[in-house]
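Chemist: Encoded as structure tokens, here's the structure I'll be asking about.
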């Protein structure tokens, strides 16, 4: 039996060589030799064995060896922890580090740096702060890797003030440290601080890496700092960095995210080795700009390059097909997805469900949904959205409860969709059930969901419930205020409507065009509310919202219903752009007060301006004819209506 120090050192060296080569089979073979020789490993050999399996990618074997170590020192702990962290299992790394400390083993600088890296990956700021305190106590804060890891942790967790403090406390700053702080600003989308820091780095003549440039390009993309991004692009060209694949890709990504399709295409064409991800960037950029037809053409070009589109390509393409709205094209894309074998991909299938539903093919969407083998909450949300405003919308409660029975947890989008159904049908009974589920799922503090609850109660006429839900909102933003104001306005509770508006302004929230339009609709009930309406008119003038068509149309309607026809006409004549809605409001005022001739004259003027009448226009004009009776002028207008809109069958009774 070999028990010498020489044998221990020899096996340790062999395991280190295996780790360097990444040879798992060789590691297992040497491990077998250790067992055959019945050698009792020392701490160094145990650590070398764990490290070898970690470096060979077998964390399972590494952990099995680790569990057999009689006395585990900091080196073996660090080897196993780094293995988990390097393979993306940051949570397990944090758990192991916590266990190590419970067993009384103090970390070294490498353990702390690895632990901080794990905390950065899983955004565990609390445990990271504990490690920071421990690093200070053990005197490891001066270590470059520990400090860089601290900056990275605080930056990734959005604690940029702490990141800056650690950064500034370092007498010597490596490029790695600069990159960590730059990356924090890039992730936050703080373009101003990002560029300021980068120019400080540049002025210090510190040699920055290609990764530094890529990080700054990413920050420009996230913050929309496209002007700075273009300057940086010129710098990258001068430095010859555009030859680097990673740098070029981040430049392409920046232009794509900022919506500069032409610049993105130029960068794409300059790339020596493009890949399917780069193609996806161009396609998604065109799609976001509303250039869906061009996005589809770019997809067709992929077939000539030899690249195989992936699930992300098809998800972008499905989105483009949804926007194009051509059913035949949608079906072609679906067939192409089946051809490439991506119909089972959840991301793609979810897009197909939405594509068919949003293009009015509800049952095609349902069929895709039912064929899905791997549904998620997004799948159910897509299906629920399809029943909004559809004749089968009564199925929404059934679908929602089926979703729960299948074990899927509804999220804020699910609840918003279901509450929209409750609002549209004033189904307050089901709405109360949903409100209960929201509280149970602890989403009642979500402003997005909370405002939808307010809207549901308000549209169902339950204003006390709406008010309670509104007052429970953590942040009462513009949308929330407009929702409660619209609820009171629809119920003709003018005093409450205006009280809400005043409270909103006192809280520093500025009303927008929809808020004012809602308030004005509340002042349209009778002449007693006219004075309030005039005050709102004055507010619209001061805030510059009078030019908005929603506000001006609401003013026309308000003055008309209060009997102030001249005021309604004055507002209407002041409109820069008159559309169908504003004409309907003005013609409706004339009809309301028995001015059939003026209403029909307005209708003719509307047609002469090239404005297309809708169902509401035609309904109003029918009332105007009833006032015109059988006059020759009335018959002339009737002839015009017959020619333009084919209304003889609907109006013949008026002339019989």
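Numbering (the numbering used here), first residue to last: 22 to 677.
The C-beta atom is built at its ideal place from N, Cα and C for all residues, glycine as well.
None of these values were measured; they are calculated from a predicted model.
What are the boundary residues of the alpha helix (DSSP H) that residue 550 is part of?
Modeler: Premise fails: residue 550 is in no alpha helix (DSSP H) and is neither H nor E.
Chemist: Could you tell me the alpha carbon to alpha carbon distance between residue 41 and residue 100, rounded to whole angstroms?
Modeler: Rounded to whole angstroms, residue 41 to residue 100 spans 14 angstroms at the Cα level.
Chemist: By DSSP, does residue 503 sit in helix, in strand, or in coil?
Modeler: Note: residue 503 maps to helix in three-state DSSP.
Chemist: By the three-class DSSP mapping on this structure, what secondary structure does residue 162 have?
Modeler: DSSP places residue 162 in coil when its eight states are reduced to three.
Chemist: Pick from 640, 114, 496, 160: whose alpha carbon is nearest that of residue 141?
Modeler: Answer by Cα proximity: 114.
Chemist: Leaving aside the five residues before and after residue 235 along the sequence, list all residues of the same chain whose C-beta is less than 6 angstroms from its C-beta, in chain order.
Modeler: 267, 268, 271.
Chemist: Can you tell me whether residue 627 is helix, strand or coil according to DSSP?
Modeler: Helix.
Chemist: Within the same chain, show all residues whose beta-carbon is closer than 6 angstroms to that of residue 424, passing over the 5 residues directly before and after it, in chain order.
Modeler: Within the same chain, residue 424 has close Cβ partners 401.
Chemist: I need the boundaries of the alpha helix (DSSP H) containing residue 485, first residue and last residue.
Modeler: That run of the alpha helix (DSSP H) goes 484–492.
Chemist: Taking the C-alpha atoms as reference points, what is the distance between residue 394 and residue 183?
Modeler: Roughly 46 angstroms separates the two Cα atoms.
Chemist: Counting C-beta neighbours from all protein chains within 10 Å, is the total for residue 254 16 or more, i.e. buried, or is it exposed?
Modeler: The residue is buried, with at least 16 neighbouring Cβ atoms inside 10 Å.
Chemist: Would you call residue 572 buried or exposed, if buried means 16 or more other Cβ atoms sit within 10 Å of its Cβ?
Modeler: Flag for residue 572 reads buried.
Chemist: Name the residue from 371, 428, 392 whose alpha carbon lies nearest to the alpha carbon of residue 405.
Modeler: Considering only alpha carbons, the answer is 371.
Chemist: Alpha carbons only, please: which of 398, 438, 429 is nearest the one belonging to residue 416?
Modeler: When each option's Cα is compared against that of residue 416, the closest is 438.
Chemist: What runs of the alpha helix (DSSP H), each 4 residues or longer, lie entirely inside the segment 217–286?
Modeler: Complete alpha helix (DSSP H) runs here, min 4: 231–244, 247–259, 266–278.
Chemist: I believe residue 240 touches residue 285 by the beta-carbon criterion, under 8 angstroms. Please report the beta-carbon distance rounded to the nearest angstrom.
Modeler: Incorrect: roughly 17 angstroms between the Cβ atoms, too far for contact.
Chemist: Could you compute how far the alpha carbon of residue 486 sits from the alpha carbon of residue 418?
Modeler: For residue 486 and residue 418, the distance between alpha carbons rounds to 21 angstroms.
Chemist: Given residue 469, which residues of its chain have a CB within under 7 angstroms of its CB, disregarding the five upstream and five downstream residues?
Modeler: These residues qualify, in order along the chain: 433, 437.
Chemist: Can you tell me the Cα-Cα spacing of residue 35 and residue 287, whole angstroms?
Modeler: Spanning the two alpha carbons is a distance of roughly 52 angstroms.
Chemist: I believe residue 335 touches residue 296 by the beta-carbon criterion, under 8 angstroms. Please report the beta-carbon distance rounded to the nearest angstrom.
Modeler: Contact flag wrong, Cβ pair sits at about 16 angstroms.
Chemist: Taking residue 355 as part of the alpha helix (DSSP H), name the residues at either end of that continuous run.
Modeler: Residues 348–361.
Chemist: If you reduce the DSSP assignment to three classes, tell me which class residue 431 lands in.
Modeler: Residue 431: coil per DSSP, three-state reduction.
Chemist: Are the CB atoms of residue 275 and residue 299 within a distance shorter than 8 angstroms?
Modeler: Not closer than 8 angstroms, so no.
Chemist: Are residue 282 and residue 306 touching if we call contact CB-CB under 8 angstroms?
Modeler: Taking 8 angstroms as the Cβ cut-off, residue 282 and residue 306 qualify as a contacting pair.
Chemist: Determine the contact status of residue 508 and residue 484, defining contact as a CB-CB distance below 8 angstroms.
Modeler: In this structure, residue 484 lies closer than 8 angstroms to residue 508 by Cβ.
Chemist: Where does residue 568 sit, in a helix, a strand or coil, going by DSSP?
Modeler: Residue state, collapsed to three classes: coil.
Chemist: Return the residue from the list 375, 498, 105, 43 that minimises the CA-CA distance to residue 19.
Modeler: Since the first residue of the chain shown is 22 and the last is 677, residue 19 is not available in this structure.
Chemist: When you compare only the Cα positions, how much space is there between residue 617 and residue 522?
Modeler: Using only the alpha carbons, I get a separation of about 37 angstroms.
Chemist: Output the distance between the C-alpha atoms of residue 311 and residue 280, rounded to the nearest integer angstrom.
Modeler: Distance between the alpha carbons of residue 311 and residue 280: 10 angstroms.
Chemist: Under 8 angstroms by Cβ, that's how I've got residue 678 and residue 550 pegged, so tell me the actual separation to the nearest angstrom.
Modeler: The requested residue 678 does not occur in the structure, where the chain is confined to residues 22 to 677.
Chemist: Would residue 137 pass as a contact of residue 167 if the rule is Cβ separation under 8 angstroms?
Modeler: In this structure, residue 167 lies closer than 8 angstroms to residue 137 by Cβ.
Chemist: From this set, 363, 531, 387, 430, which residue's C-alpha is nearest residue 563's C-alpha?
Modeler: Ranking 363, 531, 387, 430 by Cα distance to residue 563 puts 531 first.
Chemist: Relative to the alpha-carbon of residue 67, which residue among 87, 78, 163 has its alpha-carbon at the smallest distance?
Modeler: Comparing Cα-Cα distances from residue 67 to each of 87, 78, 163, the minimum goes to 87.
Chemist: With burial defined as no fewer than 16 other Cβ atoms inside 10 Å of the residue's Cβ, what is the status of residue 178: buried or exposed?
Modeler: Flag for residue 178 reads buried.
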